[in-house]
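**Student:**
2 protein chains.
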Amino acid sequence: MAARDALEVIQGKWRIPIVISLTYGTKRFGELQRDISDISPKMLSQELKALEINQIVVRKLHDSMPVSVEYSLTPLGLSLKNLLVELRLWGKHLRSEIVGR
Amino acid sequence: MAARDALEVIQGKWRIPIVISLTYGTKRFGELQRDISDISPKMLSQELKALEINQIVVRKLHDSMPVSVEYSLTPLGLSLKNLLVELRLWGKHLRSEIVGR
DNA sequence: TATAGTTGTTACCTGATGGTAAGTAGTTAC
DNA sequence: GTAACTACTTACCATCAGGTAACAACTATA
Chain F
1 MAARDALEVI QGKWRIPIVI SLTYGTKRFG ELQRDISDIS PKMLSQELKA
51 LEINQIVVRK LHDSMPVSVE YSLTPLGLSL KNLLVELRLW GKHLRSEIVG
101 R
Chain Z
102 MAARDALEVI QGKWRIPIVI SLTYGTKRFG ELQRDISDIS PKMLSQELKA
152 LEINQIVVRK LHDSMPVSVE YSLTPLGLSL KNLLVELRLW GKHLRSEIVG
202 R
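Line order of the protein sequences matches chains F and Z.
Just so you know, we're using our numbering here: the first sequence kicks off at 1 and counts up by one.
Just so you know, we're using our numbering here: the second sequence kicks off at 102 and counts up by one.
(1) May I ask which residues mark the beginning and end of the beta strand (DSSP E) holding Z/Lys-161?
(2) Shortest alpha-carbon distance to F/Leu-70 belongs to which of F/Lys-27, F/Leu-78 and F/Leu-44?
(3) Determine the DSSP secondary structure at F/Arg-101, reduced to helix, strand or coil.
(4) Let me make sure I understand the geometry here. Which of F/His-62, F/Leu-73, F/Val-67 and F/Ile-36 has the alpha-carbon closest to that of F/Ile-53?
(5) Locate the beta strand (DSSP E) running through F/Leu-73, then write down its first and last residues.
(6) Can you tell me whether Z/Pro-142 is buried or exposed? The criterion is at least 16 other CB atoms within 10 Å of its CB, across all chains shown.
(7) So for Z/Lys-143, helix, strand or coil by DSSP?
(8) Is there a Cβ of chain Z sitting closer than 8 Å to that of F/Arg-4, yes or no?
(9) If the criterion is Cβ atoms closer than 8 Å, does the pair Z/Leu-145 and Z/Gln-156 meet it?
(10) Checking contacts by CB at 8 Å: is F/Arg-88 closer than that to chain Z?
(11) To the nearest whole angstrom, what separates the beta carbons of Z/Gly-192 and F/Ala-50, a pair I think is in contact under 8 Å?
(12) Whole angstroms is fine: what's the gap from F/Leu-80's alpha carbon to Z/Leu-190's?
(13) Give a yes or no on whether the C-beta atoms belonging to Z/Leu-177 and Z/Ile-121 are separated by under 8 Å.
(14) Mind listing which residues of the region 153-179 of chain Z have their C-beta closer than 8 Å to chain F's C-betas, in chain order?
(15) Whose Cβ in chain Z lies nearer than 9 Å to the Cβ of F/Pro-17?
(16) Going by C-alpha to C-alpha distance, which of F/Gln-11, F/Ile-98 and F/Gly-30 sits closest to F/Val-67?
(17) Around the Cβ of F/Glu-86, are there at least 16 other Cβ atoms within 10 angstroms (buried) or fewer (exposed)?
(18) Looking at F/Val-67 and the ligand FAD, is the gap between the Cβ and the nearest heavy atom below 7 Å?
(19) Taking the alpha carbon of Z/Ser-138 as the reference point, which residue from Z/Gln-147, Z/Tyr-125 and Z/Ile-119 has its own alpha carbon closest?
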């Protein structure tokens, strides 16, 4: 079931926020941490690793004076765009339907 | 973040399979269990309950001789269609990209 | 020399998710 | 009356996701 495969990759509390943050361009570890409020360095590091393994994100290490690392989306990561749009659309629809709650 | 709201509702091992099975029409408990191989009655009952609370599924009890229960998608459940299509599309794309695995 | 800023790692804990196995309650067929 | 079919429920257990807190290694700056 292809839909379940897709879900497995983007499932969890932090992956969608990370991918969305990276759709605005390459970011460094600290930038992501500031951008995604409340994520701990442990979770950020762990989820970035998982996204790298799934080939959604690339990690680029710069051997500069203060070690810096840049994260960006791969073509596969960028191809998530339509799916993210649908998720957002349906999420909004859900909110409007479940008015009471 | 609307995308995360959407994800929360369809997250987990069984909800997508259940919703997909119900897109082919109203089904009874036993039919769903046969359709979704390997799901235990406990999980099916539990996930149907969660989907009912989230207004994705309706449960209709028939007071017939052998008690029968019918499950079907609500309008909100049916509105998942586009999202499911995108999930399936991206899942297939993912499979083709991650050739090795 | 000490402090602060990078990018993480490690250990430990809790709660949610999911699995197995058995039981329950009502009805019908043998 | 006993077995079988419906639709579950209950108890118990294992694994995983996620959280907190502290530490680590390196560099630049004061």
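Positions of the beta carbon are idealized from the N, C-alpha and C atoms, including for glycine.
**Tutor:** A quick look at the data gives this:
(1) Here the beta strand (DSSP E) through Z/Lys-161 covers 158-163.
(2) This sequence places Glu at residue 70 of chain F; Leu is not what is there. Answer by Cα proximity: F/Lys-27.
(3) Annotation note: pLDDT 47 at F/Arg-101 (below 50); position unreliable, coordinate value reported separately. Here F/Arg-101 sits in coil by DSSP.
(4) F/Leu-73
(5) 68-73
(6) exposed
(7) DSSP places Z/Lys-143 in helix when its eight states are reduced to three.
(8) Answer yes: the Cβ-Cβ gap between F/Arg-4 and chain Z drops below 8 Å somewhere.
(9) no
(10) yes
(11) No, Z/Gly-192 and F/Ala-50 are not in contact; Cβ-Cβ is about 17 Å, not under 8 Å.
(12) About 10 Å.
(13) no
(14) Residues of the region 153-179 of chain Z whose Cβ lies closer than 8 Å to any Cβ of chain F, in chain order: Asn-155, Gln-156 and Leu-177.
(15) Met-102, Ala-104 and Arg-105
(16) F/Gly-30
(17) buried
(18) Here there are no bound small molecules, and the ligand FAD is not part of this structure.
(19) Z/Ile-119
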